[in-house]
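A.B. asks: Got a structure here, written out as structure tokens. Questions coming.
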Amino acid sequence: MKRSYVADVIENNLQKVLVRGWVHRVNCVGKVAFVHLRDRTGVIQVVTDDVTIRDLRLEMSVEVTGDRVVNEKAPSGVEIHADSVRVLGKVYYDMLPFEINKGRIRASLETQLDHRAISLRPARMRAIFRIQQEIEEAFRTYLKGLGFTQIHTPKIISSATEGGSEMFTVDFFGKRAFLAQSPQFYKQMMVGAGFERVFEVGHAYRAELHNTWRHLSEYVSMDVEMGFIESYEDLMDLEEGYINYLFDRLRSTCAKELEMHGVSLPDKVEIPRIPLAEAQGILLEKFGRRSPRGGLDAEGEKLFSEYMKKEHGTDFVFLIKYPASKRPMYTMPDPEDPELTQSFDLIYKGLEITTGGQRIHDYDMLKANIEKFGLNPESFSFYLDSFRYGMPPHGGFAIGLERLTMKLLDLENIREAAFFPRDIKRLEP
Ligand code: AMO
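Under the working numbering, residues 596 to 1024 are what the sequence shown spells out, in order.
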């Protein structure tokens, strides 16, 4: 007999069925046992008077065959009257590390992460990754529709891209190498290589020394780079288009998952573009909060988002024109004020989820800027050399996949949006 999935059994008028899944709950009332069986599509009640059922334990995997019966009193309105229940996978535990059939797991996040193989079993937990998959899929579909080509770039590299010291070193056959912080150089090179428009979804590595709710040592970066732009406004238009495409798509493909997390998405997103200096001014004037030079701190991002929500009804804001001293050496200066750059961050519900901007595309200018940053152009020769052959004006951005997932679902910690998070304290599972 062919396997049916729980959702099909609930929705379709089948008669004899065979289902497989995990024992979600067991209730014995007199001689009758009610077993809730869970598979990847849902939970269904199984009714049996088989006495051996009393030996069933939570989270065993089982196969059930029986008759589909409509019963208003059953949790899903349908139940299975079993002919046979067969154990497929035994359990080996004295006590489960936490209860997983109560909707929410009550254990700490650390304990849940220690037991990732079962902490993701509740449907609500798996919904996070169903939505994350859709975020990624929407990114690909949206960009491919606009003529972008997907690329894959090396994660073992020879030099820093984003500056700073947040690099993991790797012993590469006796030579010192690094794990890529970003595909930055390579995505720019692929614009120049004739693809014009490229994107990548891949891991990025940051040796973050601080353990926060928003930093991972290894995260998924959704990167875009686009040639022949007229200004960095084109990039913000592109990202705004993606967010709208994503929300439309999620509403139709993941309604159930969004509901599990109590999230409703706005119909249309229009994202204000506000110079950083203006945002800093508002924070000082309205909240008496001084910002660090050239940016907002985490609390400032949160306060400013709350202000934008209250005053303009938006969860999103682009902060633009960051000072050149706070952006990497490849960032294009602002023609009106060379102390500033044509760059932006996208803040979503109080957290930066994107950085982007126009890049310097002129060889001489890039070389001079590398020197201005106190760096040696020779260390970047493979990158710099690619600017000798008619590099067009270009720019791009990167979205942190886990950060976007976390904010979209109002999760409290970025680790909830990573299958197997890596941070300063965690290298397992
Ligand atoms: P940036 O360093 O700002 O820019 O990173 C881009 C986006 O990546 C995410 N992100 C992180 N997510 C989780 N944990 C971390 N430790 C972490 N660090 C960064 C954030 C952030 O907005 N090359 C540029 C992008 C570009 O200009 O195209 C870059 O890497 O969501």
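Glycine included, each C-beta is placed from N, C-alpha and C at the ideal position.
1) Considering only residues of the same chain and omitting the five flanking positions on each side of LYS822, which have a CB-CB separation below 6 Å?
2) Name the DSSP bridge partner or partners of MET821?
3) The ligand AMO and SER777: does any heavy atom of the ligand fall closer than 7 Å to the residue's C-beta?
4) Just checking, does the stretch 718-728 make contact with the stretch 744-752 on the three C-beta pairs under 8 Å criterion?
5) Fully enclosed by the stretch 753-808, which beta strand (DSSP E) runs are 3 residues long or longer?
6) For ASP644, I'd like the list of residues in its chain whose CB is within less than 7 Å of its CB, leaving aside the five on either flank, ordered along the chain.
7) Looking only at its chain, what residues have a beta carbon closer than 6 Å to the beta carbon of MET596, apart from the 5 residues adjacent to it on each side?
8) Does the beta carbon of LEU613 fall short of 7 Å from some heavy atom of the ligand AMO?
9) In terms of residue numbering, what span does the beta strand (DSSP E) encompassing HIS619 cover?
10) Look at the alpha carbon of ALA1012 and the alpha carbon of THR950, and state the distance between them as a whole number of angstroms.
11) Which residue marks the beginning of the alpha helix (DSSP H) containing ARG888, and which one marks its end?
12) Count the other C-beta atoms from every protein chain shown that fall within 10 angstroms of the C-beta of ASN964, then say buried if there are 16 or more, exposed otherwise.
13) Cα-Cα, which of SER714, SER976, GLY991 and GLU865 is closest to SER816?
14) Quick one: Cα of TYR943 to Cα of THR647, how far?
15) Under 8 Å: do the stretch 660-667 and the stretch 688-701 share three or more Cβ pairs, one atom per stretch?
16) Closest Cβ-Cβ distance between LEU1022 and chain C: below 8 Å?
17) Does the contact criterion of 3 or more C-beta pairs under 8 Å hold for the stretch 759-775 versus the stretch 796-808?
18) For the putative contact between HIS856 and ASP1005, defined by C-beta atoms under 8 Å, what is the C-beta separation to the nearest angstrom?
19) For the alpha helix (DSSP H) that TYR737 lies in, which residues bound it at each end?
20) Quick one: is ALA874 buried, meaning 16 or more other Cβ sit within 10 Å of its Cβ, or exposed?
21) To the nearest whole angstrom, what separates the beta carbons of LEU683 and VAL641, a pair I think is in contact under 8 Å?
22) Spatial neighbours of ARG998 within its chain, please: C-beta separation below 7 Å, excluding the five flanking residues on both sides.
23) So PRO870 and HIS907 are supposed to be a Cβ contact under 8 Å. How far apart are they, rounded?
24) Within a Cβ cutoff of 7 Å, which residues of the same chain sit near ILE730, ignoring the five residues on either side of it in sequence?
25) Check whether the Cβ atoms of ARG884 and GLY895 sit closer than 8 Å, and answer yes or no.
26) Strictly by DSSP, which residues pair up with ARG548?
27) Roughly how far, in whole angstroms, is the beta-carbon of GLU820 from the beta-carbon of GLN783, given that I think they are within contact range, below 8 Å?
28) Is any heavy atom in the ligand AMO found nearer than 7 Å to the beta carbon of THR950?
29) Just to confirm, does ALA993 get its C-beta within under 7 Å of one of the non-hydrogen atoms of the ligand AMO?
30) Have a look at LEU1022 and MET690 and give me their C-alpha separation to the nearest angstrom.
31) Under 8 Å, do GLY637 and ALA602 count as touching if we go by C-beta distance?
32) Return helix, strand or coil for ASP634, following the three-state DSSP convention.
33) Alpha carbon to alpha carbon, what distance is there between ASP980 and PRO972?
34) Assuming SER679 and ILE639 make a contact with CB atoms under 8 Å, what is their CB distance in whole Å?
35) Please confirm whether PHE734 and TYR837 have their CB atoms less than 8 Å apart.
36) I'd like the span of the beta strand (DSSP E) that includes TYR840, first residue to last.
C.D. replies: Here's the rundown:
1) The displayed chain sequence assigns Gly, not Lys, to residue 822. These residues qualify, in order along the chain: VAL786, GLU791, PRO987 and HIS989.
2) ARG792 and GLY990
3) yes
4) no
5) 764-767, 770-774 and 792-800
6) LYS626 and VAL627
7) LEU613
8) no
9) 611-624
10) 20 Å
11) Premise fails: ARG888 is in no alpha helix (DSSP H) and is neither H nor E.
12) buried
13) GLY991
14) 53 Å
15) no
16) As a matter of chain content, chain C is missing from the structure shown, which is built from one protein chain.
17) yes
18) 7 Å
19) 718-740
20) buried
21) Wrong, their Cβ atoms sit about 14 Å apart, outside the cutoff.
22) ARG809, LEU946, ILE948 and ILE1009
23) The pair is not a contact, with the Cβ atoms about 15 Å apart (cut-off 8 Å).
24) LEU841, LEU996, LEU999 and THR1000
25) yes
26) This structure gives no information on residue 548, because the portion of the chain shown stretches from 596 to 1024.
27) 6 Å
28) yes
29) yes
30) 25 Å
31) yes
32) strand
33) 10 Å
34) Not quite, the Cβ-Cβ distance comes to about 16 Å (not below 8 Å), so this is no contact.
35) yes
36) Not the beta strand (DSSP E): TYR840 falls in the alpha helix (DSSP H), residues 828-848.
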